[in-house]
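See below for the structure under consideration.
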Amino acid sequence: MASRPSKYKEQPWPLSPISATYSTTPTSPHPTIPSIMSDTAVGYDPHEAYRSEQEWARRHGRKEEARSTSDLESSAARLTLNTGPVKRPWWTLGFEKKMSIPLFIFFGGAILGFSLARTPMLHFKELLRLTTPGEGYWYTKPGWKPNIKIHVWTSLPASFFSVFCFLPITYNRWPRFHRYLGYIVSLLQVIASICGAVAGRHAQGGDLAVQSAVYIMGSASGGAIVLGCYEAWRGDIAAHREWMMRGWFYNGTFITVRVTALLSAQVITAINTYFSLWRCSEIGFVLKDAAVLAQRYPLCGTPDAVARPDDTYVAVHSSWNEGRLGRGSASRASFGMALWVAMLLHFLGIELYLRMTTGESKWWREWSKRKANGEEHGRLGQETSRYDDYSLANEPLLNDFSPTR
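Here the sequence shown is numbered in the numbering used here, starting from 28 and rising by one per residue.
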């Protein structure tokens with residue numbers, strides 16, 4: 028019985044591009060596709076392409092990029108198999124580097140602790156009790172009372188919730204929550220900066236050193252946060268990260284100044300020769316007794332001083348051991364210098380940190396470009412190439428074994 032011709036013709040091309048042999052027919056030519064040999068046939072090491080990174084790093088003088096073979100194998104596994112490393116404890120919150128955890132705990136914990144410790148100041152009577160002696164006199168004035176209340180009611184919630192915006196898990200897992208919380212916190216902080224600058228006119232006696240530092244601090248913090256929001260709106264995540272870190276690190280100056288002012292107050296107490304200038308009205312607000320005021324400071328008991336206490340000034344000894352008035356004078360005498368020192372530490376510290384994390388900034392800048400070009404559809408920070416593999420993912424490899432070459 029004659030065999031019936033099959034409707035399925037012989038396939039001139041292989042079923043798999045990695046087959047060892049290719050089927051041909053007498054009528055079909057040999058295939059012209061690139062020949063791909065097996066790894067075992069040529070002794071190909073799958074990590075050889077990534078070891079060439081060490082050669083690239085030595086040639087470009089970048090010793091920190093010449094990682095060990097185990098690191099390269101880990102990078103190769105992540106890039107070729109699209110699998111992440113083993114989850115470690117700090118990965119639970121989205122951190123990719125171990126050193127990020129102690130930094131976050133130290134600075135974030137300081138902001139959280141300060142915000143919680145100052146929560147009683149939301150009540151105006153507690154605000155007068157906890158503030159520096161003498162400043163409460165101005166806070167009771169009709170023009171200054173609403174300003175300082177707005178400052179406290181906006182700065183404390185903004186500082187507290189800003190810590191959660193810096194958790195990587197918020198913008199990795201819940202970007203919309205991160206966006207809305209960030210805008211609310213930024214708006215509150217800008218309002219707090221404006222009101223704080225207004226209160227700087229009488230802060231710690233209204234010395235020019237204090238006023239200038241408060242104005243620069245409020246402008247730098249509020250301005251950096253506004254620029255950070257603008258960069259987020261533009262889609263430049265790298266610039267958004269840098270400006271937001273600057274703005275909130277500047278804002279942390281008012282926490283550091285508590286430490287520097289306390290230390291400097293103890294120093295001038297030990298020296299015991301410092302005085303600060305006070306109005307008679309401010310001293311009377313602290314002492315709560317007109318007779319004691321006139322006895323200790325006779326100039327404040329004159330008819331002219333009684334009629335115009337805001338225009339009469341006396342020198343108060345600066346000593347931490349002389350009651351509330353002495354502590355207020357010591358704080359007032361040292362606060363200007365302490366604030367400038369704290370500002371210098373924070374300005375230099377954040378720039379040093381940003382300089383040390385340029386690889387992370389470059390990675391986010393590349394991510395923003397891919398996002399703008401429609402090449403990135405994943406969540407923030409979920410790509411296979413991480414910050415420490417930035418050069419590996421963006422530099423051409425010396426040994427490229429792709430079949431298109």
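All C-beta atoms, glycine included, are put in the ideal place defined by N, C-alpha and C.
- As DSSP reads the structure, W305 sits in a beta bridge with V341.
- Here F276 is buried, its C-beta having at least 16 other C-beta atoms within 10 Å.
- Three or more beta-carbon pairs separated by less than 8 Å link the region 155 to 165 to the region 354 to 369, which places the two stretches in contact.
- Straight-line measurement puts the Cα of D234 at about 25 Å from the Cα of T329.
- Of the candidates C307, A342 and P336, the residue whose Cα lies closest to the Cα of T300 is A342.
- Cβ-Cβ distances below 6 Å link L154 to M148 in the same chain, with the five nearest sequence neighbours on each side left out; the list follows chain order.
- By the neighbour-count definition (other C-beta atoms within 10 Å, threshold 16), V286 is an exposed residue.
- Nearest Cα to A360 within the set T296, L371 and G255: T296.
- Judged by DSSP in its simplified three-state form, T167 adopts coil rather than helix or strand.
- Its chain contains S248, A251, I252 and G255 as the residues whose beta carbon lies nearer than 7 Å to that of G274, once the 5 sequence neighbours on both sides are disregarded; these appear in chain order.
- The distance from the Cβ of S182 to that of A219 is about 4 Å, consistent with a contact at the 8 Å cut-off.
- Between V313 and A365 a beta carbon distance of about 21 Å is seen, past the 8 Å cut, so the two are scored as non-contacting.
- Secondary structure at G274: helix, using DSSP grouped into helix, strand and coil.
- Taking the C-beta atoms as reference points, F302 is found no nearer than 8 Å to H267.
- In the same chain as N278, and ignoring 5 residues on each side of it, the C-beta atoms closer than 6 Å to its own belong to S248, in chain order.
- Taken in chain order, the unbroken stretches of alpha helix (DSSP H) that lie wholly in the region 200 to 238 and span 4 residues or more are 202 to 226.
- By the neighbour-count definition (other C-beta atoms within 10 Å, threshold 16), N174 is a buried residue.
- The alpha carbon of E258 has as its nearest neighbour, out of Y210, K152 and L157, the alpha carbon of Y210.
- By a beta-carbon distance limit of 8 Å, G223 contacts V241. Their separation comes to about 7 Å.
- Shown here, L130 sits in a helix according to DSSP, grouped into three states.
- Sorting E269, R145, H178 and Y166 by C-alpha distance to the C-alpha of L379 places E269 at the top.
- Secondary structure note for F188: its alpha helix (DSSP H) is the uninterrupted segment K172 to C192.
- Counting along the chain, E378 sits inside the alpha helix (DSSP H) bounded by residues G350 to M383.
- A direct Cα-to-Cα measurement between T197 and F204 gives close to 7 Å.
- The residue from K172, V225, F134 and F188 with its alpha-carbon nearest to that of H373 is F134.
- Burial state of T385 is exposed, judged by a 10 Å Cβ sphere holding fewer than 16 other Cβ atoms.
- For D331, the three-state secondary structure derived from DSSP is helix.
- Scanning its chain for C-beta atoms nearer than 7 Å, with the 5 sequence neighbours on each side dropped, one finds around M244 the residues Y277, T280 and M370, in chain order.
- Per DSSP, the unbroken alpha helix (DSSP H) holding K152 starts and ends at F151 to L157.
- When C-alpha distances from W171 are compared across R228, W305 and C327, the shortest belongs to R228.
- Comparing C-alpha distances from F188 to each of L139, V179, W180 and I128 shows the shortest one belongs to L139.
- Counting along the chain, L139 sits inside the alpha helix (DSSP H) bounded by residues G136 to A144.
- For L320, the enclosing alpha helix (DSSP H) starts and ends at A317 to R323.
- Exclusion of the five residues before and after M271 leaves G255 as the residues of its chain whose Cβ lies within less than 6 Å of its Cβ.
- Non-local beta-carbon contacts of L304 in its own chain, meaning distances under 7 Å to residues more than five positions away in sequence, involve G232, Y340 and A342 in chain order.
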